[in-house]
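Below is one structure, written out as structure tokens; comments come after it.
Residue numbers (the working numbering): 125 to 374.
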């Protein structure tokens with residue numbers, strides 16, 4: 125059963141990797157913004173984005189765009205959470221990948237007779253026998269991938285409980301609620317620019333979402349408000365997913 129533990133370990137390593145990316149870029153952005161504010165004549169200090177071109181054998185650099193330090197600072201302070209949002213979304217996507225990998229490996233074990241999983245979820249798959257050359261020997265390598273693809277179409281908010289039942293593990297209810305909240309938050313960022321809508325938070329049984337703010341204090345975001353992602357909320361998300369992965373695969 126070492127394959128499942130390897131899947132868990134890879135996932136946990138990726139959690140650390142993405143947290144470190146968030147910590148690094150958020151920290152560097154803050155440092156850079158503070159240094160830029162020390163400069164005089166911010167409206168005259170300019171930074172360029174260039175592209176190298178070759179004209180008659182002569183290397184040149186054409187300007188694609190230019191911004192003053194003042195323009196960059198205005199953009200930065202108006203979008204400070206952009207990097208945190210990106211990292212948050214990547215971590216949730218990695219959670220989806222983790223669950224998909226589990227179902228694929230479990231099906232392989234089940235077919236090969238390594239272990240019987242009586243609570244595998246019902247998954248619809250499509251098989252084209254005119255195209256796919258199935259044989260008894262190829263089932264072990266082909267079927268798990270097809271089931272993984274079918275599982276990927278399940279509602280993301282339901283996948284955690286399906287895997288929990290399949291592995292016959294018991295995830296703490298608070299952890300499951302936090303994962304559900306994180307998935308909903310990610311969907312808000314992707315589909316409604318982070319603005320909380322009633323239909324989005326309905327699965328939580330309340331009309332607000334609590335996230336940790338820049339002062340490391342839990343803040344309640346209500347209907348019509350935009351959620352804000354901080355490095356502290358990313359840390360909490362990592363801790364939740366790390367703990368849950370250890371429950372699913374001890």
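C-beta: ideal position from N, C-alpha, C; glycine also.
Give me the DSSP bridge partner(s) of residue i.
| i | result |
| --- | --- |
| residue 177 | 184 |
| residue 365 | Beta-bridge pairing links residue 365 to no other residue. |
| residue 170 | 192 |
Candidates the options: which alpha carbon is nearest residue i's?
| i | options | result |
| --- | --- | --- |
| residue 227 | 336, 277, 321 and 201 | 277 |
| residue 193 | 158, 180 and 244 | 158 |
| residue 241 | 126, 167, 162 and 231 | 231 |
| residue 357 | 321, 303, 180 and 167 | 303 |
| residue 334 | 128, 143 and 309 | 309 |
| residue 368 | 153, 189, 237 and 301 | 301 |
| residue 190 | 229, 341, 169 and 289 | 169 |
| residue 155 | 197, 180, 126 and 178 | 197 |
| residue 292 | 315, 245, 160 and 131 | 245 |
| residue 148 | 362, 355, 361 and 374 | 355 |
| residue 316 | 341, 285, 349 and 289 | 349 |
| residue 282 | 180, 179, 328 and 195 | 328 |
Let me confirm a value: residue i is counted as buried when at least 16 other C-beta atoms fall within 10 Å, else exposed. Which label applies?
| i | result |
| --- | --- |
| residue 205 | buried |
| residue 313 | buried |
| residue 268 | buried |
| residue 306 | buried |
| residue 93 | This structure cannot settle anything about residue 93, because the visible part of the chain is limited to 125 through 374. |
| residue 141 | exposed |
| residue 183 | exposed |
| residue 188 | exposed |
| residue 326 | exposed |
| residue 323 | exposed |
| residue 351 | buried |
| residue 132 | buried |
| residue 216 | buried |
| residue 171 | exposed |
| residue 284 | buried |
| residue 361 | buried |
| residue 294 | exposed |
Check the C-beta distance from residue i over to residue j and give it rounded, since I have them as a contact under 8 Å.
| i | j | result |
| --- | --- | --- |
| residue 275 | residue 224 | 6 Å |
| residue 208 | residue 353 | 4 Å |
| residue 372 | residue 139 | So it is not a contact: roughly 14 Å between Cβ atoms. |
| residue 280 | residue 220 | 6 Å |
| residue 143 | residue 359 | 7 Å |
| residue 243 | residue 289 | 5 Å |
Notebook entry, point to check: Can you give, in chain order, each stretch of the beta strand (DSSP E) that sits fully within the segment 293 to 358 and has at least 3 residues?
Noted result: 332 to 336 and 342 to 346
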